[in-house]
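Participant: Counting with the numbering used here, you get residues 9 to 114 for the letters of the sequence shown.
Cβ atoms here follow ideal geometry from the backbone N, Cα and C, with glycine treated the same way.
Predicted model, so just to flag it, every value in this text is computed and none were measured.
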Amino acid sequence: MNLVNIDNIERKEFMAGIVGRVVHSDNMTVIYWEIKKGTELPTHSHHNEQLTQLTSGKFDLTVDGKTQSLKTNNIVLIPGNTEHSGFAHSDVTITDVFYPLRDDLL
């Protein structure tokens, strides 16, 4: 068994206002995000399927042109190769699970 404590994972700033802690398994990547209020996540896509869970705060997530206002414990499934973006209306924490492994983040 591999036991990982999120608090022991090094925080990495991916862009201004967005910090993440990354964990990889053989087949998946999990990122624990901290996003500052007012931060905009630019439109992007990747081949990985993505499961996004808002764990605190209020965040607008736009997937394939449709915007949803997420609240704590909402989960969104994002197919691979689908454009998505977001905006933090408050300080937020988000957990993203990617399949397959995000080898671009190794």
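Under the three-state reduction of DSSP, which class applies to ASP34: helix, strand or coil?
Facilitator: Locating residue 34 in the sequence shown gives position 26, where the first residue counts as 1. Coil.
Participant: Flag this pair as touching only if the region 80-91 and the region 22-32 have three or more C-beta atom pairs under 8 Å; answer yes or no.
Facilitator: Result no; under three Cβ-Cβ pairs closer than 8 Å.
Participant: With which residues is ALA96 paired in a DSSP beta bridge?
Facilitator: Here residue 96 refers to the residue found at position 88 when the sequence shown is read from its first residue. Bridge partners of ALA96: PHE67.
Participant: Ignore the nearest five residues each way along the sequence and tell me which others in GLU18's own chain have a CB closer than 8 Å to its CB.
Facilitator: As a first step, residue 18 is located in the sequence shown; it is residue number 10 there, counting from the start. These residues qualify, in order along the chain: ARG29.
Participant: Quick one: what's got a C-beta closer than 7 Å to TYR107's C-beta in the same chain, skipping five residues either side?
Facilitator: Counted from its first residue, the sequence shown places residue 107 at position 99. Answer for TYR107: ASN35, MET36, ASN56 and GLU57, listed in chain order.
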